[in-house]
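To start, the structure itself, in structure tokens.
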Amino acid sequence: MLALGVVKASAAVFDLDGTLVDNIAYHLEAWVALARGEGVELTTERFARELSGKKTDETIPLLLGREVAPDELARLAAQKEAHYRALYGPHRALVPGAGPLLSGLKGRGLKVAIASASPPENRAFVLEGLGVAGLFDAIVGGEDVPRGKPSPDLFLAAARALGTPPERCVAFEDAPLGVRAARAASMRVAALTTTSPEGELREAGAEWVVADFERLPADLRALLDLP
92 MLALGVVKAS AAVFDLDGTL VDNIAYHLEA WVALARGEGV ELTTERFARE LSGKKTDETI
152 PLLLGREVAP DELARLAAQK EAHYRALYGP HRALVPGAGP LLSGLKGRGL KVAIASASPP
212 ENRAFVLEGL GVAGLFDAIV GGEDVPRGKP SPDLFLAAAR ALGTPPERCV AFEDAPLGVR
272 AARAASMRVA ALTTTSPEGE LREAGAEWVV ADFERLPADL RALLDLP
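Counted the way this note's numbering counts, the sequence shown spans residues 92 to 318.
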């Protein structure tokens with residue numbers, strides 16, 4: 092049951108990588124390979140702390156520690172994303188409970204969006220590959236905003252695309268940068284522990300922290316008008 096005075100949400104906004112699909116390990120492997128080829132060592136900790144959720148054209152200069160010319164940027168980005176898709180392709184699957192949750196939200200009349208810095212080819216690779224693209228009322232990507240996470244741009248753009256005030260949206264995330272981005276957009280945030288520990292997610296501002304979508308807390312289900 093909702094606390095007195097709390098208004099039900101009218102929309103849910105989902106990050107993609109690490110949230111709807113547990114694929115960050117494959118992204119990390121591809122980033123590590125790219126970095127190593129450029130003479131840079133990338134750790135899991137640095138990736139989660141500094142890079143996860145950023146746009147590729149933001150990530151590569153940060154990773155290499157230098158400015159990157161547009162043609163080199165395009166080449167490195169294409170190399171990394173093709174490697175990621177080759178790695179993850181045989182393992183594509185929604186996080187447990189994601190399918191029923193998306194169907195349940197739609198059935199209760201809530202609007203649903205994706206807010207992901209993932210490039211269009213990667214989004215299609217997952218959403219169309221898993222047959223769930225049609226469940227979303229809006230899909231907002233890095234090409235639609237000037238800045239990736241932790242800027243609120245992606246989440247604000249998703250709220251605009253849904254025609255819903257951000258404060259009436261619940262965001263689902265997996266990384267501290269993403270949680271901070273959603274909170275900066277005035278959204279309440281539920282975070283999955285697929286890629287980051289609970290303490291870091293709560294420190295970033297997550298109100299709820301769950302392992303997957305199968306057993307959401309009762310107050311979160313009430314906020315989303317789910318039985």
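Glycine residues also receive a C-beta, built at the ideal position from the N, C-alpha and C atoms.
Should residue 116 be flagged as near chain D, meaning a C-beta pair shorter than 7 Å? Of the chains in the structure shown, none is chain D; there is only one protein chain.
Quick check on residue 194: buried or exposed, where buried means 16 or more other Cβ atoms within 10 Å of its Cβ? Answer is exposed; the Cβ neighbour count stays below 16.
Taking just the CA atoms, how far does residue 289 sit from residue 221? Taking the CA atoms as reference points, residue 221 sits about 28 Å from residue 289.
Taking buried to mean at least 16 other C-beta atoms within 10 Å of its own C-beta, is residue 98 buried or exposed? With fewer than 16 other Cβ atoms inside 10 Å of its own Cβ, residue 98 counts as exposed.
N-terminal and C-terminal residue of the beta strand (DSSP E) that residue 217 is part of: No beta strand (DSSP E) contains residue 217, which is instead part of the alpha helix (DSSP H) from 211-218.
Output needed for residue 276: all residues of its chain with C-beta closer than 6 Å, excluding positions within five of it in sequence on either side, in chain order. A distance below 6 Å between beta-carbons, with the five flanking residues on each side excluded, links residue 276 to the following residues of its chain, in chain order: 243, 246, 247, 257.
Using alpha carbons as the reference points, say which of 292, 285, 287 lies closest to residue 274. Looking at the Cα atoms, 292 is the closest of the given residues.
Rounded to whole angstroms, what's the CA-CA distance from residue 133 to residue 126? Just pull it up for me. The straight-line gap from Cα to Cα measures roughly 7 Å.
Does the pairing of the stretch 134-147 with the stretch 197-215 give three or more beta-carbon distances under 8 Å? Flag = yes, the stretch 134-147 and the stretch 197-215 touch.
If we count Cβ pairs, one from each stretch, closer than 8 Å, do we get three or more for the stretch 185-193 versus the stretch 161-172? In the pairwise beta carbon analysis, the stretch 185-193 is classified as not touching the stretch 161-172: fewer than three pairs are separated by under 8 Å.
Could you compute how far the alpha carbon of residue 302 sits from the alpha carbon of residue 141? Just so you know, the alpha carbons of residue 302 and residue 141 end up roughly 22 Å apart.
Which residue or residues does DSSP assign as beta-bridge partners of residue 279? Bridge partners of residue 279: 261.
Along the beta strand (DSSP E) that carries residue 202, what are the first and last residues, could you check? Element bounds for residue 202: 202-206.
Spatial neighbours of residue 118 in its chain, beta-carbon cut-off 7 Å, leaving aside the 5 residues before and after: Only 108, 175 meet the Cβ criterion.
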